[in-house]
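Colleague: Just so it is clear: in the sequence shown, position 117 is 117 by our numbering, and no numbers are missing.
Virtual Cβ for every residue (Gly too), placed ideally from N, Cα, C.
Sharing a structure below in structure tokens format, with a few things to ask.
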Amino acid sequence: MPGTLDSLNVGLPEPIGEHRGRPVFSGFRKSPVAGRLATAGDNLRGDDQADRSVHGGPEKAIYAYAAEDLAWWSAGFRRPMEPGRAFGENLTTSGVDCSGAVIGERWRVGSALLEVCQPRLPCFKLGLVHDDPRMLRHFAGASRPGAYLRILEHGEVGAGDAIEVHDRPDHGVTIALVADALLLDRSLLPRVLEAPQLAGTLRAQLTGG
């Protein structure tokens, strides 16, 4: 059964706090959009990143996070984790296991075709947004990183669209496994490299190439 795009979220860089005495800008906090948006370049229209050296680009074009995982965090922290605000996702999904997605599987959302390529790894900005530096450790330990997607075919997407998963590779390397290998258990790294569709920048980082 297809999943559903519950909320489509975009945001532009804004101040989110200070780090070492300097203001920090980020497009992390996103707001739901009514209607439909087109993909453009390596983004959705109306979305942008403050530091393109580590965020955005073709292999971090669109970020998806599951509503079921937001509910898990909300229950654990006893406060609402709002779509696009708590973890900065563009696509808040239901019925799709974003962290259990296989590297290289393809999603048809609206008229766009997207490909799963790597997990989100936490940085200090997550701690700033939640006003809690321990959030980085919580996020790593939860094994619920959500999925970054490449744009294979540009198109338009909107809340309520079906999410159809196609062409799931049989190597079985999931988003959660990649995140765990990088953050929790380095012995899993050889297994991660079995996924040919893994983001090229991440593969180069792991292999030294």
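Within 8 Å, do at least three Cβ pairs link the stretch 143-153 to the stretch 60-67?
Modeller: Touching, yes.
Colleague: Are there 16 or more other CB atoms within 10 angstroms of the CB of R120, so buried, or fewer, so exposed?
Modeller: Mapped onto the sequence shown, residue 120 falls at position 120. By the neighbour-count rule (16 or more Cβ atoms within 10 Å), R120 is buried.
Colleague: Less than 8 Å separating the beta-carbons of A195 and I103?
Modeller: Position 195 of the sequence shown holds residue 195. Position 103 of the sequence shown holds residue 103. Against a cut-off of 8 Å, the Cβ pair of I103 and A195 comes out as a contact.
Colleague: From A140 to L126, what does the alpha carbon distance come to, in whole angstroms?
Modeller: Position 140 of the sequence shown, counted from the first residue, corresponds to residue 140. Position 126 of the sequence shown, counted from the first residue, corresponds to residue 126. Whole-angstrom Cα-Cα distance: 11 Å.
Colleague: Report buried or exposed for Q197, applying the criterion of at least 16 other Cβ atoms within 10 angstroms of its Cβ.
Modeller: Here the question's residue 197 lines up with position 197 in the sequence shown. Looking at its Cβ environment, which holds 16 or more other Cβ atoms inside 10 Å, Q197 is buried.
Colleague: Can you round the beta-carbon distance between R106 and H166 to whole angstroms, since I take them to be within the 8 Å contact cut?
Modeller: Position 106 of the sequence shown, counted from the first residue, corresponds to residue 106. Position 166 of the sequence shown, counted from the first residue, corresponds to residue 166. With a Cβ gap of about 5 Å, R106 and H166 count as contacting.
Colleague: Quick check on the burial criterion: 16 or more other C-beta atoms within 10 angstroms. Buried or exposed for D131?
Modeller: By one-based count along the sequence shown, residue 131 stands at place 131. Exposed: under 16 other Cβ atoms inside 10 Å.
Colleague: Per DSSP, N43 is paired with what?
Modeller: Numbered from 1 along the sequence shown, position 43 holds the residue referred to as residue 43. DSSP, once it has assigned bridges, lists A40 as partnering N43.
Colleague: Just checking my contact of P23 with P32 at CB under 8 Å: how many whole Å lie between their CB atoms?
Modeller: Residue numbering aside, residue 23 sits at position 23 when the sequence shown is read from its first letter. Residue numbering aside, residue 32 sits at position 32 when the sequence shown is read from its first letter. About 26 Å; that fails the 8 Å criterion.
Colleague: Taking only the alpha-carbon atoms, compute the straight-line gap between E68 and S94 and give it to the nearest angstrom.
Modeller: Residue 68 sits at position 68 when you count from the first residue of the sequence shown. Residue 94 sits at position 94 when you count from the first residue of the sequence shown. Between E68 and S94, the C-alpha separation is close to 7 Å.
Colleague: Pull up the distance between the alpha-carbon of R134 and that of G158, whole angstroms please.
Modeller: In the sequence shown, residue 134 corresponds to position 134, counting from 1. In the sequence shown, residue 158 corresponds to position 158, counting from 1. Spanning the two alpha carbons is a distance of roughly 34 Å.
Colleague: How is the alpha helix (DSSP H) around V178 delimited, first residue to last?
Modeller: One-based indexing of the sequence shown puts residue 178 at position 178. Run containing V178: I175 to L183, per the alpha helix (DSSP H) assignment.
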